[in-house]
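See below for the structure under consideration.
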Amino acid sequence: GIKSGKCGFTINIKNDTIACSCYHKKSNIIAIATANQNILIYDGGSGKLIRKFDNKEFFTKYRSNITNIVFSPNAKWIYVSSMDGCPRIFDIVSCILLDWIQFKNAVSSIAISPNSTFIATTHVNEMGIHIWANKDHFDIININDDVYKKPIDIDNMEMDVNDVVEIDISNTIFSDDSDEVDAA
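Residue 12 in my numbering sits at position 23 of the sequence shown, with consecutive numbering throughout.
Okay, here's the thing in structure tokens:
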């Protein structure tokens, strides 16, 4: 391992290349996105494949390069962004697509707050960081077949004024311990 300075194992992906990867320290799992749009999740201790999200099921219709993958803080979900402008959120245990969102501009990077309350995205041809309330954190997740039919088009979504929630985060500091700490 890292402490001994020796390689514990090597992951060999046949007939494919690694586009990006991420590691979840507390769960000791590694996610790899390949150039063929497969997402592979490995046990970090043994190097064994524990989950595979196949491009035939989730990425074929909107085939595009994966730009970033990140685990939720509790490692239950994996967030995947791609050049088609469609971040996808998957449940790791069940391999179910939980959410599929469409932006006008491709998502180049995605990050999750330590308590999963917020999602930050950056986009191609846009300046700045977009901060989104993670609706799946606040609502009961409704898993149905509609999520597989087409993505939610965020840029053309009509919002009801009753759906807008103001959150004051001016006195909040986000720590790496997955807790919010008030800066008083």
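Cβ atoms here follow ideal geometry from the backbone N, Cα and C, with glycine treated the same way. Owing to the predicted nature of the structure, the values given are computational and were not obtained by experimental measurement.
* Going by CA-CA distance only, name the one from Ile99, Ser(-7), Tyr31 and Ile120 that's closest to Val1. => For the record, residue 1 in the displayed sequence is Asn; it is not Val. Of the listed residues, the one whose Cα sits closest to Asn1 is Tyr31.
* In terms of alpha-carbon separation, which member of Ser83, Gln26 and Asn57 lies closest to Arg40? -> Ser83
* According to DSSP, is Phe107 helix, strand or coil? -> strand
* Just confirm the distance between the C-beta atoms of Ala8 and Ala22, as a whole number of angstroms; I'd bet it's less than 8 angstroms. => 5 angstroms
* Asked: Does Gly36 get closer than 8 angstroms to chain C when you measure Cβ to Cβ?
  -> Note that chain C does not occur in the displayed structure, where there is just one protein chain.
* DSSP state of Lys41, grouped into three classes? -> strand
* With DSSP as the reference, label Gln26 as helix, strand or coil. => coil
* Quick one: what's got a C-beta closer than 6 angstroms to Ile120's C-beta in the same chain, skipping five residues either side? -> Phe107 and Ala109
* Give the C-beta separation of Ile81 and Lys65 to the nearest angstrom, bearing in mind that I take them to be a contact with Cβ-Cβ under 8 angstroms. => 6 angstroms
* Asked: Does the separation of the CB atoms of Ala100 and Asp73 fall below 8 angstroms?
  -> no
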